[in-house]
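Asker: The sequence shown begins at 254 in our numbering and counts up by one.
For each residue, glycine too, the CB sits at the ideal point set by N, CA and C.
Quantities reported herein were computed from a predicted structural model and do not represent experimental measurements.
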Amino acid sequence: MKTVPTTRAARHAIITEIISTSHISSQEELRRALSARGVDVTQATLSRDLDDLRAAKVRLPEGRQEYVLPNQEVMPDLAVAAREYLERWCKDLLLSAQVAFHQIVVRTPPGAAQILASSIDRAVLEGVLGCIAGDDTVLIITESNDRAQRLADHILTLAEHRKEERDDV
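1) Considering only the alpha carbon of each residue, which of His407, Gly387, Arg317, Pro362 lies closest to serine 437?
2) Could you work out which residue in Leu382, Asp406, Asn398 is closest to alanine 263 when comparing CA atoms only?
3) Going by beta-carbon coordinates alone, are leucine 347 and alanine 412 separated by less than 9 Å?
4) Using only alpha-carbon positions, find the residue among Glu396, Ile271, Leu409, Ile368 that is nearest to leucine 303.
5) Can you find the residues in the same chain that come closer than 8 Å, C-beta to C-beta, to valine 327, ignoring five residues on each side of it along the sequence?
6) Where does arginine 370 land, buried or exposed, given buried means 16+ other C-beta within 10 angstroms?
7) Looking at the strands, I want to know which residues DSSP matches up with cysteine 384.
8) Does the distance from the C-beta atom of alanine 405 to that of alanine 365 stay below 9 Å?
9) Quick check: leucine 306 and valine 358, are their CB atoms within less than 9 Å of each other?
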């Protein structure tokens, strides 16, 4: 059964996942990985996709080259910035986080859910399948019940640090 549409956005999501979890050193290697997931692309399309995603081929300390995305550990400045963005918004906007199986229901002040959801998306957290934001609620869907609990604990801890800072002032 096919579970991935052939849209550009879906293809970008798969490319992001592959580059984030595998050591990809060439477009041909990436094309084969995509094909194994049922996504067939031409070299020209793949080249455009890599450009759209701001993927870059970097030389790693051990000498080999590999594709990386701006938010990967190999490019720590952007990864750190995304995590700091998440921390800031958890501190300022998180009202509550409640786990329901492999999902987390997060409450924010009215109008703030999109901001918090965006920070979660930018942080590219392990095990997070996606977020849906309304006006004052974010639904975070994770890959497991355990991952949901660990993530909820983490974001609540981020919010508590801010509360402690405010209490000290």
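Answerer: On the basis of the supplied data:
1) The structure shown does not extend to residue 437, since the chain is modelled only from 254 to 422, so the question has no answer here.
2) As a first step, residue 263 is located in the sequence shown; it is residue number 10 there, counting from the start. It is Leu382.
3) Working through the sequence shown from its first residue, we reach residue 347 at position 94. Working through the sequence shown from its first residue, we reach residue 412 at position 159. Result yes, Cβ atoms of leucine 347 and alanine 412 sit closer than 9 Å.
4) Here residue 303 refers to the residue found at position 50 when the sequence shown is read from its first residue. Among Glu396, Ile271, Leu409, Ile368, the Cα nearest to that of leucine 303 is on Ile271.
5) As a working mapping, residue 327 is identified with position 74 in the sequence shown. Only weak support exists for where valine 327 lies, its pLDDT of 47 falling under 50; the value from the coordinates is given anyway. Here the set comprises Val311, Leu313, Glu319, Val321.
6) Walking along the sequence shown from the start, residue 370 turns up at place 117. According to the sequence shown, residue 370 is alanine rather than arginine. The residue in question, alanine 370, is buried, as its Cβ has 16 or more Cβ neighbours within 10 Å.
7) Counting from one through the sequence shown, the residue named residue 384 turns up at place 131. Ile393.
8) Stepping through the sequence shown from its first residue, residue 405 is reached at position 152. Stepping through the sequence shown from its first residue, residue 365 is reached at position 112. Cβ atoms of alanine 405 and alanine 365: not closer than 9 Å.
9) As a working mapping, residue 306 is identified with position 53 in the sequence shown. As a working mapping, residue 358 is identified with position 105 in the sequence shown. No, they are not a contact pair.
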